[in-house]
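Q: In UniProt numbering, the protein residues as written are 74 to 466.
Ideal Cβ placement from N, Cα and C applies to all residues, glycine included.
Can you keep this structure in mind? I'll have questions shortly.
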Ligand code: CMC
């Protein structure tokens, strides 16, 4: 069996070769397919960036139109899937619903809207990217007992999500350019991030040749935890708790440094970034712009800024190289958009779908790719004899 090296939490293990996303954690650099995140945030949009991540190149006009049309054609869930929503209790967490429903998607006829020119994979990509958004909005409406709103053909990706979330059968939600842009940016900034916990999970499942929907559903489960995607919900809950307690953040900072308090400064720290998370910088700027345009004064933003300032000047955080990550300010934007806190991680999942799909594609297309099967360092008893029941203590 040979000698096995333990790498706790895979901190220094390259689990695969990948040409999708580049991160330099020491310099705070993030690039999708070689293009800096700052340029994409400034000039691209979520759908175009999704194409780039999945297919490796920025689309031509014609490619983008076809991709966009395919998303639109596949945005509707199979009508029978609506009954599945009824099986969940009203308090079910939307991430649990999302993962179940993505798996359910894989059970419905995948060639429902097939076009002869479109490959099965391209079709499933479109279904997944488009329907994950429909599922998310439907589950929100269902949880509130509101009538389900179907997507509109004329609306673009992020606008359609807002429409399905907030329109009523008798009155359409008023789409503001700044609001749509902010949401689209959030999706874009989450679109991929190398071999994080959920992406590694997707690759792990995909390596067994499980289907795309099953692999993505597993990714949703991994993303759910508060140390990963669930951090955006945890950040907002933390800010609310601080606000309600009358603290300006200083007491909380002390608690976050105390290992026995059970508290961490959520939205701070990252396994790879030992410098500013470039996504956090962009999100912080967007947060300021959005709140100003919408004339929103959010006390949680003030607390967040105070916490950041205090942490960046505190030796505990400085020595450990803990900086704000993508989740630190994204929740304040989502709250300003009217997205309920328990849906924040779902927003992350919608955004991350292109990255999971690209990683699925990469592993499937790699010549001679093997099933992922790590080893362990066994620390249990060496050998023992079976004890009959009457002799057991
Ligand atoms: N607050 C207080 N202390 C912290 C924090 C924090 N947010 N993050 C790390 N530390 C301390 C930790 O206690 C440890 O201290 P020591 O060396 O004295 O034992 C040291 O910093 C290193 O932390 P670690 O947990 O070993 O680092 P990791 O790479 O395993 O974990 C992390 C990375 C992101 C899980 C962690 O920083 C964390 O829990 N942050 C808060 C949750 C969060 O914001 N998660 C979102 C990550 S970004 C979005 C995503 O990709 O999911």
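Please find out if some non-hydrogen atom of ligand 1 comes closer than 8 angstroms to the beta-carbon of residue 95.
A: When distances are taken from the beta-carbon of residue 95 to the heavy atoms of ligand 1, even the shortest one reaches 8 angstroms or more.
Q: Which partner residues does residue 104 have in the DSSP bridge list?
A: 95 and 109
Q: Given a cut-off of 9 angstroms, decide if residue 82 and residue 346 are closer than it, judged by their beta-carbon atoms.
A: no
Q: When we look at the beta-carbon of residue 90 and count the other beta-carbons within 10 Å, is it buried (16 or more) or exposed?
A: exposed
Q: With DSSP collapsed to three states, give me the class of residue 400.
A: Assigned with DSSP and collapsed to three states, residue 400 falls in helix.
Q: Going by alpha carbons, who is nearest to residue 92 out of 106, 102 and 85?
A: 106
Q: How about residue 279 and residue 271: are their beta carbons less than 9 angstroms apart?
A: no
Q: May I ask you to verify whether the region 227 to 246 touches the region 196 to 216, counting CB pairs closer than 8 angstroms and requiring at least 3?
A: yes
Q: Which class does residue 135 belong to by DSSP, given the choice of helix, strand or coil?
A: helix
Q: If you count every other CB in all the chains shown that lies within 10 Å of the CB of residue 77, and 16 or more means buried, which is it?
A: Exposed: under 16 other Cβ atoms inside 10 Å.
Q: Using C-beta distances below 6 angstroms, list every residue in its chain close to residue 221, excluding the 5 sequence neighbours before and after it, in chain order.
A: 211 and 214.
Q: I'd like the span of the alpha helix (DSSP H) that includes residue 359, first residue to last.
A: 351 to 366
Q: Is the beta carbon of residue 338 closer than 9 angstroms to that of residue 385?
A: Judged by beta-carbon spacing, residue 338 lies beyond the 9 angstroms limit of residue 385, meaning their Cβ atoms are not closer than that value.
Q: Within the continuous alpha helix (DSSP H) that includes residue 432, where are the two ends?
A: 417 to 438
Q: Nearer than 8 angstroms: is that true of the beta carbon of residue 302 relative to any heavy atom of ligand 1?
A: At least one heavy atom of ligand 1 is nearer than 8 angstroms to the Cβ of residue 302, so yes.
Q: Could you tell me which of 410, 382, 75 and 152 sits nearest to residue 246, measuring between CA atoms?
A: 410
Q: Between residue 328 and residue 381, what straight-line distance do the alpha-carbon atoms span, to the nearest angstrom?
A: Distance between the alpha carbons of residue 328 and residue 381 is about 15 angstroms.
Q: Closer than 8 angstroms: is that where the CB of residue 154 sits relative to any heavy atom of ligand 1?
A: no
Q: Ligand 1 and residue 61: does any heavy atom of the ligand fall closer than 8 angstroms to the residue's C-beta?
A: In this structure the chain extends from 74 to 466, so residue 61 is not present and cannot be described.
Q: Whose C-beta lies closer than 6 angstroms to the C-beta of residue 112 among residues of the same chain, with five residues either side of it excluded?
A: none
Q: Note the first and the last residue of the continuous alpha helix (DSSP H) segment covering residue 292.
A: 285 to 296
Q: Buried or exposed: which applies to residue 253, given that a residue is buried once 16 or more other Cβ atoms fall within 10 Å of its Cβ?
A: Counting C-beta atoms within 10 angstroms of its own C-beta, residue 253 has 16 or more neighbours from the protein chains shown and is therefore classed as buried.
Q: Whole angstroms is fine: what's the gap from residue 84's alpha carbon to residue 300's?
A: Whole-angstrom Cα-Cα distance: 15 angstroms.
Q: Tell me whether residue 393, by its Cβ, gets closer than 8 angstroms to a heavy atom of ligand 1.
A: yes
Q: Give a single yes or no on whether residue 389 has its beta carbon closer than 8 angstroms to a heavy atom of ligand 1.
A: yes
Q: If you count every other CB in all the chains shown that lies within 10 Å of the CB of residue 145, and 16 or more means buried, which is it?
A: buried
Q: Taking the alpha helix (DSSP H) that residue 174 belongs to, which residues open and close that run?
A: Run containing residue 174: 167 to 180, per the alpha helix (DSSP H) assignment.
Q: From which residue to which residue does the alpha helix (DSSP H) around residue 121 run?
A: Start and end: 119 to 128.
Q: For residue 314, count neighbouring C-beta atoms within 10 Å of its own C-beta (all shown protein chains included) and say buried if the count is 16 or more, exposed if not.
A: So residue 314 counts as exposed.
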